[in-house]
Amino acid sequence: MNMRIGLGWDSHAFKPGVPLRIGGVAFDHPAGLAGHSDGDVLLHAITDALLGAVAAGDIGTFFPPGDPRWKDADSALFLRTALEEVQNAGFRIANVDTTLVLAAPKIGPVAEKLRERVAELLGISPRAVGIKAKTPEGLDQDDVAVAHAVVLLESLDGQESAAQLTAAAEPQTEESTAQTRMDDVVRKLVGDSNAGPVRKPAFNTDDIT
Ligand code: MG
-14 MNMRIGLGWD SHAFKPGVPL RIGGVAFDHP AGLAGHSDGD VLLHAITDAL LGAVAAGDIG
46 TFFPPGDPRW KDADSALFLR TALEEVQNAG FRIANVDTTL VLAAPKIGPV AEKLRERVAE
106 LLGISPRAVG IKAKTPEGLD QDDVAVAHAV VLLESLDGQE SAAQLTAAAE PQTEESTAQT
166 RMDDVVRKLV GDSNAGPVRK PAFNTDDIT
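Count the sequence shown with the numbering used here and you get residues -14 to 194, in order.
Structure, rendered in structure tokens:
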């Protein structure tokens, strides 16, 4: 089965008097997370993980922070856009795992609520969502919330994904075989393993953000 993995990370500073939202859940807390949007650090990390898994860029590609349209935006919108990218690429979420790093508020008592909300936003079972939290021991960053997210995607269509993989691989044509032989000859003549034409990568590096 064709699978993809995606990694996301985000941080936001706490700011007094701002509403606090983490994982699409509102918290009763004296400080919220400052940001152009609603500052939902967890949803931002998951959004980046989803986009990264299908090499679709990152959250800033779709929602530039300077754009007034996204001022105080509900981060669930970012997540929905990333989900569409995942679906358009022919994948669905197998599971999501996350770790929050913050001094307060305590996540443990509301972890189940977060899990259910994130699962609802992603359209998957809560059993496929991990919510963990750590305090930033020794990091001297009690005024910051950090979120890490990793996602695993599986192909919606095994046949199609196999075809995509074949197409993406370097084709072993007569021409490429001849090129390989030529490279070997050049290396022997020059006596330097780094000599010879630069090989074209097997994937499109333009996709990497
Ligand atoms: Mg963010």
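Ideal Cβ placement from N, Cα and C applies to all residues, glycine included.
Burial state of residue i, where buried means 16 or more other Cβ atoms lie within 10 Å
i        : result
Ser60    : buried
Thr195   : Past the edges of the chain, shown from -14 to 194, lies residue 195, and the structure says nothing about it.
Arg102   : buried
Arg(-11) : buried
Gly195   : Absent from the model: residue 195. The displayed extent of the chain is -14 to 194, so no value can be given.
Ala11    : exposed
Asp33    : buried
Asp127   : exposed
Asp25    : buried
Rounded distance between the beta-carbons of residue j and residue i, thought under 8 Å
i      : j      : result
Ala104 : Pro111 : 4 Å
Ile109 : Gly8   : Contact doesn't hold; Cβ gap of about 14 Å is too wide.
Val136 : Ile78  : 6 Å
Simplified DSSP assignment, three categories, for residue i
i       : result
Leu62   : helix
Val81   : strand
Gly115  : strand
Ala(-2) : strand
His29   : helix
Ala88   : coil
Gly48   : Looking at the sequence shown, residue 48 is not Gly but Phe. Note: Phe48 maps to coil in three-state DSSP.
Leu5    : strand
Val39   : coil
Leu99   : helix
Leu138  : strand
Ala147  : Any reading at Ala147 must be qualified, since the residue scores a pLDDT of 45, below 50, and its modelled position is unreliable; no value is offered.
Ala19   : coil
Ala132  : strand
Leu107  : helix
Contact between the segment -6 to 2 and the segment 15 to 31 (3+ Cβ pairs under 8 Å): As far as the Cβ criterion goes, the segment -6 to 2 touches the segment 15 to 31, which means the pair count is three or higher.
Neighbouring residues (CB closer than 5 Å to any heavy atom of the ligand MG): Residues close to the ligand MG by the beta carbon criterion (under 5 Å to any non-hydrogen atom) are, from first to last along the chain, Asp(-5), His29.
contact_flag[the segment 87 to 101, the segment -12 to -5] where n(CB pairs < 8 Å) is 3 or more: Look at the beta carbons and you see the segment 87 to 101 not touching the segment -12 to -5: under three pairs across the two are nearer than 8 Å.
Cβ contact (3+ pairs, closer than 8 Å) linking the segment 82 to 91 and the segment 47 to 55: As far as the Cβ criterion goes, the segment 82 to 91 does not touch the segment 47 to 55, which means the pair count is below three.
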